[in-house]
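Novice: Protein chains in written order, with my numbering: chain A, 19 to 377; chain B, 19 to 377; chain C, 19 to 377; chain D, 19 to 377.
Quick reminder that beta carbons are idealized off the backbone N, C-alpha and C, glycines included.
After the structure tokens below, expect a handful of questions from me.
Number of protein chains: 4
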Amino acid sequence: MGNTFGHLFRITTWGESHGGAVGVVVDGCPPRLPLSPEDIQGDLDRRRPGQSRITTQRQEEDLVEILSGVFEGQTLGTPILMLARNQDTRSKDYDEMREKYRPSHADYSYQAKYGIRNWQGGGRASARETWGRVAAGAVARKILRERCGTEIIAYVKQVKDLAAEVDPSSVTSDQVESNIARCPDAGVAERMIALIEAARKDGDSLGGVVECVARGVPTGLGEPVFDKLEADLGKGMLSLPACKGFEVGSGFGGILLTGSQHNDPFYNAGDRIRTRTNRSGGIQGGISNGEDIVLRAAFKPTATILKSQETVDVHGHATTLQGRGRHDPCVLPRAVVMVEAMTALVLVDHYLRQKGQCE
Amino acid sequence: MGNTFGHLFRITTWGESHGGAVGVVVDGCPPRLPLSPEDIQGDLDRRRPGQSRITTQRQEEDLVEILSGVFEGQTLGTPILMLARNQDTRSKDYDEMREKYRPSHADYSYQAKYGIRNWQGGGRASARETWGRVAAGAVARKILRERCGTEIIAYVKQVKDLAAEVDPSSVTSDQVESNIARCPDAGVAERMIALIEAARKDGDSLGGVVECVARGVPTGLGEPVFDKLEADLGKGMLSLPACKGFEVGSGFGGILLTGSQHNDPFYNAGDRIRTRTNRSGGIQGGISNGEDIVLRAAFKPTATILKSQETVDVHGHATTLQGRGRHDPCVLPRAVVMVEAMTALVLVDHYLRQKGQCE
Amino acid sequence: MGNTFGHLFRITTWGESHGGAVGVVVDGCPPRLPLSPEDIQGDLDRRRPGQSRITTQRQEEDLVEILSGVFEGQTLGTPILMLARNQDTRSKDYDEMREKYRPSHADYSYQAKYGIRNWQGGGRASARETWGRVAAGAVARKILRERCGTEIIAYVKQVKDLAAEVDPSSVTSDQVESNIARCPDAGVAERMIALIEAARKDGDSLGGVVECVARGVPTGLGEPVFDKLEADLGKGMLSLPACKGFEVGSGFGGILLTGSQHNDPFYNAGDRIRTRTNRSGGIQGGISNGEDIVLRAAFKPTATILKSQETVDVHGHATTLQGRGRHDPCVLPRAVVMVEAMTALVLVDHYLRQKGQCE
Amino acid sequence: MGNTFGHLFRITTWGESHGGAVGVVVDGCPPRLPLSPEDIQGDLDRRRPGQSRITTQRQEEDLVEILSGVFEGQTLGTPILMLARNQDTRSKDYDEMREKYRPSHADYSYQAKYGIRNWQGGGRASARETWGRVAAGAVARKILRERCGTEIIAYVKQVKDLAAEVDPSSVTSDQVESNIARCPDAGVAERMIALIEAARKDGDSLGGVVECVARGVPTGLGEPVFDKLEADLGKGMLSLPACKGFEVGSGFGGILLTGSQHNDPFYNAGDRIRTRTNRSGGIQGGISNGEDIVLRAAFKPTATILKSQETVDVHGHATTLQGRGRHDPCVLPRAVVMVEAMTALVLVDHYLRQKGQCE
């Protein structure tokens with residue numbers, strides 16, 4: 019259970035990191051959307067491990083196959099199945115995991131829940147699972163772009179204590195893609211890259227913050243009281259591997275202000291009502307107000323490291339675990355694409371719900 | 019849409035702040051649970067406005083009526099309807115809201131979404147809506163306490179820049195309830211109270227952080243990949259009025275550590291596998307691992323203030339709004355009860371799901 | 019669980035026949051629909067026991083109270099709570115049921131499932147539960163009527179072996195309401211009434227068939243493959259108390275034809291494509307095709323009779339049960355209203371879903 | 019939307035008859051169930067076209083591939099993806115369908131709903147879609163068999179006016195599989211086969227009734243009021259292609275009895291409470307009572323025939339359609355497997371729900 023996300027635009031992901039394949043079913047995609055593998059492969063390539071020297075060197079081909087739901091280049095309104103075969107399955111790297119629980123991984127909790135686990139890699143807890151989210155997110159982004167002109171851009175805002183200065187209202191994709199850290203603040207990006215490389219050499223890992231902006235979001239998206247827009251966005255982000263925190267608008271920082279400092283004054287911008295500041299992050303009362311949606315997601319340092327760690331084995335005996343082979347010193351540059359995908363999935367679902375109930 | 023929460027233990031809240039009543043339907047409560055209004059009224063009284071000099075002085079009677087689902091003192095397994103009539107409806111306080119959008123309230127976004135709004139108070143965006151969550155949460159807490167021995171305690175961790183020192187593993191309800199700030203750090207609590215009183219006199223408002231611990235949570239709760247335990251907890255908190263941020267375990271602070279510092283080593287505690295540290299916050303891979311679940315929710319300063327503010331009216335004209343009457347200078351002491359309720363609702367739902375699929 | 023119906027227009031009913039009240043929450047009703055108790059009370063009066071000499075003489079006031087979701091005469095787009103207090107609770111009529119399982123009632127199966135039951139009446143298995151469906155159905159009908167011009171009319175098609183001749187394409191509400199049997203074939207209606215009265219005097223009960231037509235249904239409603247329109251209609255009807263069968267279009271009778279006799283030829287009717295016959299019952303491939311939707315629901319003879327019956331008591335001892343007091347010799351005339359309500363609920367839900375995904 | 023079925027044991031089918039593949043995701047399967055392709059292929063072979071001279075001669079390989087959710091021969095508790103590539107895609111057979119709406123097919127209604135359709139075959143409306151249901155149903159059957167000893171057997175009860183005599187309480191799979199009609203009444207089976215062969219030669223088609231019995235069903239399954247067991251069974255059957263009617267227990271025939279004739283007397287069978295008759299069909303008040311569940315589904319004569327028919331083309335012009343190639347003169351023998359699958363899917367879902375809420 020729990021592998022479906024969305025109410026009208028519903029995705030179901032499936033696949034272990036070391037099974038036959040990973041993939042996703044998208045149910046509820048509007049019909050007559052032009053769609054081809056090229057629309058999807060771009061984001062998948064940005065998600066792919068091994069794309070730069072600061073991510074894991076694990077190789078995945080990741081070529082998307084679309085097996086249903088598209089006919090003569092257009093969506094049918096029926097379920098879209100997309101998958102990628104697993105290829106790089108060096109399961110002997112994982113032999114030790116058969117017996118030992120990796121600290122801060124999901125090995126122990128999966129075993130406790132299901133009484134079984136795929137110990138050849140992270141199974142469903144692996145970042146490989148996000149392949150399906152990114153594929154589905156690419157469809158969602160295309161709908162939002164074509165129908166509403168909505169643009170979604172995420173970037174690395176912070177790695178460890180290195181924080182970038184970025185203006186969400188003007189940042190561009192080109193700036194984000196201009197360096198392998200996916201940080202649009204070029205100076206800080208360079209230092210981030212150095213920091214990540216040092217961690218990689220040290221066999222250690224780093225966490226950080228991804229910030230995401232959605233510009234051109236229609237007003238009225240979000241379904242109070244439980245499916246408020248920030249609640250669904252938060253759920254989406256917190257369901258990503260390694261995500262430990264989420265905030266929207268002023269977030270945790272906003273508590274240092276008083277109400278009179280924090281409130282966003284309204285004004286008439288001619289074509290629509292706007293707010294002078296945007297501490298609300300584009301959402302008020304759980305509903306988009308037409309301003310930029312700005313959110314941040316915190317990712318802990320990756321659990322896989324190459325240092326020796328204290329743990330127990332499946333028999334309950336104390337032991338140590340010495341990581342081997344390749345590791346991902348910092349998931350942040352790839353997490354950018356996952357955050358964009360989850361943002362798009364939430365927005366398109368609420369866009370369709372709004373059309374259904376209120377238009 | 020969007021007024022239902024949970025998959026097996028499902029609640030649907032209803033009611034505006036100034037309609038006939040507010041309430042909740044609980045569907046999926048296990049049968050044969052002893053249940054009476056006394057089990058519920060305690061938390062409702064803690065949620066109630068007007069309970070102390072630092073919350074809003076708005077009076078609500080809030081007496082719970084149970085209209086179905088309970089028979090001869092026990093739950094039937096059928097839907098439980100609980101409601102409270104609205105009584106303190108001084109709608110002339112709100113006459114100005116008919117015409118003017120209150121900054122950082124939901125007036126404008128509700129109007130943009132629905133083309134209509136209940137301007138006599140906050141409607142569904144009012145904290146009054148949380149009455150039903152707290153009532154349902156009391157049922158959830160009782161199930162968890164009786165079946166699993168789970169204990170859920172929330173408290174005010176921070177108001178503006180005043181942060182308390184609290185040990186989640188040992189904090190008690192008595193400590194929380196020992197002062198009107200609901201902060202178990204007595205020294206800081208006193209300063210918080212003074213700060214809130216000053217804000218009240220100034221017609222301004224304050225935000226802060228509520229921390230919550232769940233102790234005695236069974237292992238195995240949480241449904242990867244989308245219904246991970248932290249994802250549903252995050253959604254629950256972010257659906258509360260004024261909540262702008264959520265984190266679990268090390269959260270945003272954890273990004274300052276490296277992986278080797280952050281990972282929680284496993285050890286055999288005799289009766290079960292435990293972790294030496296708890297930066298995971300009791301959840302790994304989206305599944306509870308038996309350690310304390312520790313989470314934090316950030317609440318912005320309340321939007322209602324008694325100072326003059328720039329805004330526009332429903333005709334789009336620039337105007338100012340001067341708040342009048344009573345206001346809530348700090349929602350935190352009451353939010354404690356809401357956070358406990360949402361935590362309980364998520365945990366009980368996943369407890370039932372786990373029983374269904376995996377036992 | 020299981021007390022919610024619908025995906026975008028979602029209703030949750032609650033309440034036992036002998037608890038405090040019965041009611042319904044409607045979530046997802048479009049905003050700005052004019053709505054008052056008068057829009058709803060009419061159908062509730064048609065559903066009410068005691069309305070004629072051939073239904074049960076049990077009296078229920080059944081006056082609807084709307085406690086949320088409507089403001090200044092219009093829906094807000096927020097949940098609508100409607101309830102009616104229970105009044106006629108002669109629970110001493112039911113003392114025997116505390117100890118004995120009534121044959122073909124739900125006493126035993128509820129006890130087996132929940133380990134408890136409200137023995138003072140039928141609890142949730144009572145026809146009283148349908149109050150909430152009919153109230154919600156009245157809202158659904160109003161939306162369909164105002165937005166699509168859809169008209170839904172049900173009537174008693176058969177009682178025991180007495181079958182009426184009715185043309186679904188032209189039958190009117192006035193014809194249905196012209197007699198207490200709610201059978202528009204006046205001659206047969208008279209004989210039905212005599213048959214039911216004889217059963218009442220005999221302390222026995224009768225079953226039959228309700229037929230329902232929906233005219234002016236938009237094309238395109240229905241969500242293959244599982245939420246096909248006939249699948250959701252079937253589920254709706256089969257969830258009504260005492261319903262044992264459902265068919266659409268040619269139904270069970272259609273199997274006597276060959277494909278060449280059964281297929282509905284298409285023709286161009288000028289303004290739209292139509293079919294010359296309507297054996298499909300207005301639904302093809304699970305999607306409405308613009309023709310009249312015609313369905314039938316079979317209701318078994320009511321389980322409550324006043325004759326002595328063999329049964330067992332809660333201790334497993336053989337015993338007999340002698341019904342007493344009032345009974346409902348034929349639920350058909352009241353079931354008409356329930357069938358209309360379920361039809362409306364399914365259609366409005368699919369109307370909103372269609373708007374969401376495809377428009 | 020609408021391609022997911024079930025609440026705890028959830029299946030999502032995908033795939034057009036003439037796309038790349040068809041398949042299903044099963045989410046919520048309990049962990050540690052031994053599962054291999056052999057467990058599934060048997061039912062798939064029984065579902066397969068071309069298996070006998072009285073079904074369509076269309077050839078499908080239909081070999082199941084399991085791409086996720088199974089590890090070292092056991093289920094992981096994670097989503098199970100099963101698929102079969104489409105191979106026999108003679109799309110030139112369908113060229114005429116590009117332009118013409120086939121009577122009583124879904125061509126027109128899909129076009130009306132989605133504004134597009136896969137005209138190369140029936141798309142999602144094809145019986146090919148049921149591949150995924152049967153694959154998932156095989157998993158469901160295995161769970162029910164291993165955990166509860168439940169046995170599910172369906173058979174052809176009637177073809178056109180040829181009705182078989184079958185005792186649901188004693189019929190065996192061997193009897194069903196002993197002839198290509200899948201009718202356990204050998205004498206009638208022979209006449210059915212002759213009737214179907216005659217229809218095939220005539221280019222015409224036949225409908226009929228499939229009856230299904232589930233023996234050894236635990237008591238307590240079913241979730242009143244909307245997810246009553248018969249309501250979900252009905253929805254499951256009516257979502258099958260060509261199904262126009264459903265009944266449980268006495269069904270439409272039961273209306274000819276009075277209540278005193280129809281009620282099922284209870285008696286104490288020693289180990290459990292039973293009923294002397296079973297007109298309830300094993301379900302009372304929407305909940306299984308431990309007796310055999312007996313249901314029937316009516317299938318219309320297949321829409322595809324080889325005779326000339328009146329219709330219109332996509333431009334609205336009157337035309338005729340002359341079927342060509344292979345057709346399925348009677349879907350009943352294959353529908354048997356689909357009915358078993360849907361029965362299993364409903365029962366296993368309610369079995370898990372019951373465990374979750376009530377145990």
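Taking the runs of the beta strand (DSSP E) that are 3 residues or longer, which of them lie wholly in the segment 306 to 349 of chain B?
Specialist: Entirely contained in the segment 306 to 349 of chain B, the beta strand (DSSP E) runs reaching 3 residues are, in chain order, 311 to 317, 326 to 330 and 336 to 340.
Novice: How big is the Cα-Cα spacing for D113/D and T190/C?
Specialist: For D113/D and T190/C, the distance between alpha carbons rounds to 44 Å.
Novice: If I follow the unbroken alpha helix (DSSP H) through T30/A, where does it start and stop?
Specialist: No alpha helix (DSSP H) contains T30/A, which is instead part of the beta strand (DSSP E) from R28 to W32.
Novice: May I ask you to verify whether the segment 250 to 258 of chain B touches the segment 243 to 253 of chain A, counting CB pairs closer than 8 Å and requiring at least 3?
Specialist: Short answer: they touch.
Novice: Classify S70/B as helix, strand or coil using the three-state DSSP reduction.
Specialist: Three-state DSSP puts S70/B in coil, outside helix and strand.
Novice: Using beta carbons (cut-off 7 Å, strictly below), is K131/B in contact with chain A?
Specialist: Output row for K131/B: interface = yes.
Novice: Considering D289/D, what are the terminal residues of the alpha helix (DSSP H) in which it resides?
Specialist: Neither: D289/D is in no alpha helix (DSSP H) and is coded neither H nor E.
Novice: Less than 7 Å separating the beta-carbons of Y285/B and R294/B?
Specialist: Cβ distance < 7 Å, so Y285/B and R294/B count as in contact.
Novice: Using only CA atoms, which one of Q129/B, V40/B, R200/B and I211/B lies nearest to R146/B?
Specialist: If we check each option's Cα against that of R146/B, V40/B comes out closest.
Novice: Which of the three DSSP states is assigned to A212/A in this structure?
Specialist: Helix at A212/A.
Novice: Can you give me the C-alpha to C-alpha distance between N281/D and K325/C, rounded to a whole angstrom?
Specialist: Answer to the nearest angstrom: the Cα atoms are 11 Å apart.
Novice: Compute the beta-carbon to beta-carbon distance between L51/A and L239/A, rounded to the nearest angstrom, for a pair I have assumed lies under 8 Å.
Specialist: About 19 Å; that fails the 8 Å criterion.
Novice: Spell out whether any CB of chain B is found under 7 Å from the CB atom of P375/A.
Specialist: It should be pointed out that residue 375/A corresponds to Gln in this sequence rather than to Pro. So, interface residue.
Novice: Measure the alpha-carbon distance for K373/A versus C47/A and round it to whole angstroms.
Specialist: Their backbone Cα atoms lie some 14 Å apart in a straight line.
Novice: Are any of the Cβ atoms in chain C nearer than 7 Å to that of G46/A?
Specialist: For G46/A, the answer is yes, since a Cβ of chain C falls inside 7 Å of its Cβ.
Novice: Give the secondary structure of G155/A by DSSP, where H, G and I count as helix, E and B as strand, and everything else as coil.
Specialist: Correct three-state label for G155/A: helix.
Novice: Looking only at its chain, what residues have a beta carbon closer than 7 Å to the beta carbon of R165/C, apart from the 5 residues adjacent to it on each side?
Specialist: Within the same chain, R165/C has no close Cβ partners at all.
Novice: So L101/D is in the beta strand (DSSP E); what residue range does that whole segment cover?
Specialist: I98 to R103 is the span of the beta strand (DSSP E), which, as asked, contains L101/D.
Novice: What residues are listed by DSSP as bridge partners for Q224/B?
Specialist: What sits at residue 224/B in the sequence shown is Leu, not Gln. Beta-bridge pairing links L224/B to T276/A and C348/B.
Novice: Could you give the residue range of the beta strand (DSSP E) that holds E56/B?
Specialist: Unbroken run through E56/B is the alpha helix (DSSP H), P55 to R65; no beta strand (DSSP E).
Novice: 7 Å is my cut-off, CB to CB: does K219/B come that close to chain A?
Specialist: Not an interface residue.
Novice: Report yes if the C-beta distance between L370/C and F27/C is below 7 Å; otherwise report no.
Specialist: Yes, Cβ-Cβ distance for L370/C and F27/C is below 7 Å.
Novice: Under a three-way DSSP split, which group does S86/B fall into?
Specialist: Strand, per DSSP.
Novice: Using a Cβ cut-off of 7 Å, which residues of the segment 35 to 61 of chain A contact any Cβ in chain C, in chain order?
Specialist: Result list: G46, P48 and P49.
Novice: With distances taken from CA atoms, which of P186/B, A353/B and V266/B is nearest R65/B?
Specialist: Measuring from the Cα of R65/B, the nearest candidate turns out to be A353/B.
Novice: Near T337/A, what residues of its chain come up, given a Cβ to Cβ distance below 7 Å and the 5 sequence neighbours on each side ignored?
Specialist: Taken in chain order, the residues that qualify are K118, T329, V330 and D331.
Novice: Given a cut-off of 7 Å on the beta-carbon distance, is the pair H36/A and Q138/A in contact?
Specialist: Yes, they are a contact pair.
Novice: On the DSSP bridge list, what partners appear for G141/B?
Specialist: DSSP output for G141/B lists no bridge partner at all.
Novice: Got a sec? Which residues, its chain only, sit under 8 Å from L363/A by beta carbon, not counting five neighbours each side?
Specialist: Cβ neighbours of L363/A beyond the five flanking positions: F23, G24, F27, I29, R151, A154, G155, A158 and G254.
Novice: In this structure, does DSSP put K253/A in helix, strand or coil?
Specialist: In this structure, K253/A counts as helix in the three-state DSSP scheme.
Novice: Identify each residue in the segment 85 to 101 of chain D for which the Cβ-Cβ distance to at least one residue of chain A is less than 9 Å, and report them in chain order.
Specialist: Cβ contacts with chain A: L85, S86, G87, V88, F89, E90, Q92, T93, L94, G95, T96, P97, I98, L99 and L101.
Novice: So what's L51/D in DSSP terms, helix, strand or just coil?
Specialist: If DSSP states are grouped into helix, strand and coil, L51/D belongs with coil.
Novice: Hey, how far is the Cα of K219/B from the Cα of G277/A?
Specialist: Taking the straight line from one Cα to the other gives about 13 Å.
Novice: Where do the ends of the beta strand (DSSP E) carrying V44/C lie?
Specialist: Here the beta strand (DSSP E) through V44/C covers A39 to D45.
Novice: Would you identify the three-state DSSP class for V177/B, choosing helix, strand or coil?
Specialist: Here V177/B sits in strand by DSSP.
Novice: Shorter than 7 Å from the beta carbon of M19/D to some beta carbon of chain A?
Specialist: Yes - at least one Cβ of chain A is within 7 Å of the one on M19/D.
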